[in-house]
Amino acid sequence: MSTALGSNRGTHPAIDEAAAGTARPDSRRRPRRSKHRPAWEDRPTALGTGAKVIVLALIVLAVVYPLYTVIITSLSTTAAVTEAGGLITVPTELTTAAYRQILAGGIVTRATMVSVGVTAVGTLLSTTVSILCAYGLSKPTSFGHRPILFVLLITMFFGAGMIPTYLLVSNLGLIDTYWSLILPGAVSAFNVLLLRNFFMGIDPGITDAARIDGAGEWRVLGQIVLPMSKAVTAVVALFYGVGYWNAFFNAMLYINDNAKWPLQLVLRSYVLQGVTLPGSGVGQVDVATGAVTGLPVKMAVMVLAIIPVLVVYPFVQRHFTKGVIFGAIKG
1 MSTALGSNRG
11 THPAIDEAAA
21 GTARPDSRRR
31 PRRSKHRPAW
41 EDRPTALGTG
51 AKVIVLALIV
61 LAVVYPLYTV
71 IITSLSTTAA
81 VTEAGGLITV
91 PTELTTAAYR
101 QILAGGIVTR
111 ATMVSVGVTA
121 VGTLLSTTVS
131 ILCAYGLSKP
141 TSFGHRPILF
151 VLLITMFFGA
161 GMIPTYLLVS
171 NLGLIDTYWS
181 LILPGAVSAF
191 NVLLLRNFFM
201 GIDPGITDAA
211 RIDGAGEWRV
221 LGQIVLPMSK
231 AVTAVVALFY
241 GVGYWNAFFN
251 AMLYINDNAK
261 WPLQLVLRSY
271 VLQGVTLPGS
281 GVGQVDVATG
291 AVTGLPVKMA
301 VMVLAIIPVL
311 VVYPFVQRHF
321 TKGVIFGAIK
331 G
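Written out as structure tokens, the structure is:
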């Protein structure tokens, strides 16, 4: 036997290594993680993958379930809501009467148009001003670079306050105008700095080559910088759009005419305070008549206020990682 093993030694390395206790690891075995590689770059185990799936499923459920409840309640009848004693989770009788009622009243329809107009104009204006400001501040040799940047940073930590802001808006003659819903918060210092850092991360050789070819600053910005900054621009526009759409406090301060109320202020007054909104010549939301009253109508107004953000967000969310994180750490 020893002769046989001795004769095979040197011709079968696997037998020799097994006999010496140094057998090679199985190629199918998972390779050991290198000490120079972060743990999050390793392929997760089955237990880790299952834990992630469970956690993500719970997060999705926590987000979707309240929205589902609001939508189902808005599509239910008053009798079904009364029988359930509040919000409905299991639909029984579905109807669109609540939506027909609030849209036929006139107030909600007009408030929706006001919110859409303010959001569209405000987002366009704020994004344009922020891009121009950020592009100028991204050039260290630009006029007044340090003082303007310093003043911009101060506004992130200190504000004038409600009363001075109201007096300024009043002296400018903006009370009861749609501009009072746009101009007081037209520029966000955070968004400007986000755009500035992204612009500073663009290779200077690209813009210098364009200038050598005779391109001016407007052409460099419009044809080179902005096409390379679609991600961060989309994210900033979304920030501004969501801010304008959800804003109601400026309307409370500066708008006295109910016909100029945005949708969020109508939502607050009707859903939270339970008041009947005057139509101001465009009808009234009368919940005392009709097939659906009370909670379904309130939930229908909430759904109308939520839908635009839910529709726009999926088209922009893919830019968040590249736009926000990259723009925040560059420069």
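For the sequence shown, the positions run 1 to 331 when UniProt numbering is used.
Note that CB positions come from ideal geometry on N, CA and C, so glycine has one too.
Can you tell me which of the three DSSP states residue i falls into?
i	result
Ser229	coil
Leu47	helix
Ser188	coil
Ser76	strand
Leu94	strand
Thr89	coil
Thr3	In this predicted model, Thr3 has a pLDDT of only 46, less than 50, meaning its place in the structure is not dependable; the value taken from the coordinates is given anyway. If DSSP states are grouped into helix, strand and coil, Thr3 belongs with the helices.
Lys139	coil
Pro314	helix
Asn256	coil
Phe157	coil
Thr177	coil
Ala215	coil
Gly283	With a pLDDT of 35 at Gly283, under the threshold of 50, the modelled position of that residue is not reliable, and no figure is offered here.
Phe249	helix
Ile182	coil
Asp203	coil
Asp42	coil
With distances taken from CA atoms, which of the options is nearest residue i?
i	options	result
Lys260	Ala231, Thr109, Ser126	Thr109
Val309	Asn250, Ser138, Asn246	Asn246
Val268	Ala79, Ala305, Asn256	Note that residue 268 corresponds to Arg in the displayed sequence, not to Val. Nearest C-alpha to Arg268: Ala305.
Ser129	Thr82, Thr119, Ser188	In the sequence under discussion, the amino acid at residue 129 is Val, which differs from the Ser named in the question. Val129 has its Cα closest to that of Ser188, out of Thr82, Thr119, Ser188.
Leu195	Ala134, Leu174, Thr141	Ala134
Ala111	Glu83, Ser170, Val301, Tyr254	Val301
Asp257	Ala80, Leu174, Ala120	Leu174
Phe73	Ser180, Ile88, Tyr178	As written in the sequence, residue 73 is Thr, which differs from the Phe given in the question. Considering only alpha carbons, the answer is Ile88.
Ser142	Glu217, Pro44, Gly185	Glu217
Ile107	Val303, Gly294, Tyr270, Val311	Tyr270
Leu132	Ile307, Val225, Phe249	Val225
Thr69	Ile54, Ile59, Gly86	Gly86
For residue i, count neighbouring C-beta atoms within 10 Å of its own C-beta (all shown protein chains included) and say buried if the count is 16 or more, exposed if not.
i	result
Lys298	buried
Ile182	buried
Gly136	buried
Asn191	buried
Gly50	exposed
Tyr65	exposed
Ser138	buried
Val63	exposed
Thr123	buried
Ser180	buried
Asp208	exposed
Thr233	buried
residue 358	Outside the modelled stretch of the chain, which goes from 1 to 331, sits residue 358, for which no answer is possible.
So, are the CB atoms of residue i and residue j less than 9 Å apart?
i	j	result
Tyr240	Thr127	yes
Ala251	Leu265	yes
Leu67	Ala98	no
Thr78	Pro262	no
Leu193	Leu153	yes
Pro184	Thr165	yes
Val244	Val118	Looking at the sequence provided, one finds Tyr at residue 244 rather than Val. Result yes, Cβ atoms of Tyr244 and Val118 sit closer than 9 Å.
Ile71	Val303	yes
Tell me whether residue i counts as near the ligand HEM, meaning its Cβ is closer than 8 Å to at least one heavy atom of that ligand.
i	result
Leu58	This structure does not include the ligand HEM; it has no bound ligands of any sort.
Three or more C-beta pairs under 8 Å: does that hold for the region 91-107 against the region 215-223?
no
Three Cβ pairs or more, each shorter than 8 Å: is that satisfied between the region 198-212 and the region 225-244? The answer is yes - the region 225-244 touches the region 198-212, with three or more Cβ pairs under 8 Å.
- Message: Check whether the region 140-149 and the region 161-168 are in contact - that is, three or more C-beta pairs closer than 8 Å.
- Response: no
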